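As structure tokens, the structure follows; a few thoughts come after it.
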Amino acid sequence: MIPGYHDHEHFVQAHRQNLLREAERERLLAQLSHPDHSVLRHFIAVPALFLRQLRKRLQQQAKHPKQQITHRGMQ
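Mapping the sequence shown onto this note's numbering, position 1 (from 1) lands on 1, and the numbers just tick up by one.
Quick look at the structure:
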């Protein structure tokens, strides 16, 4: 059997539909992965910010220990 124009056209349409389905699947998977990354970034960023602020406060306290002692002595 020799494929005719209609057979070829049917094959092209089926192939096109498969490509469109695959592209849609990839697009949906890409959308699903972004929220997971943002949640992960949030859980990493919040403790990192807390630790950065804590380090900054501890460094400031280490630089000025006498001022804290005098303030406590006045109370």
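Where a beta carbon is used, it is the ideal one built from N, C-alpha and C, also for glycine. These numbers were taken from a predicted model, which means no experiment stands behind them.
Run the proximity test for residue i: is its beta-carbon closer than 7 Å to any non-hydrogen atom belonging to the ligand GTP?
i  : result
H8 : The ligand content of the structure shown is nil, which means the ligand GTP is not present either.
For residue i and residue j, I'd like the C-alpha separation in whole angstroms.
i   : j   : result
R21 : V39 : 28 Å
Q17 : G4  : 20 Å
L32 : Q60 : 43 Å
L49 : A62 : 20 Å
A45 : K56 : 16 Å
L54 : H64 : 16 Å
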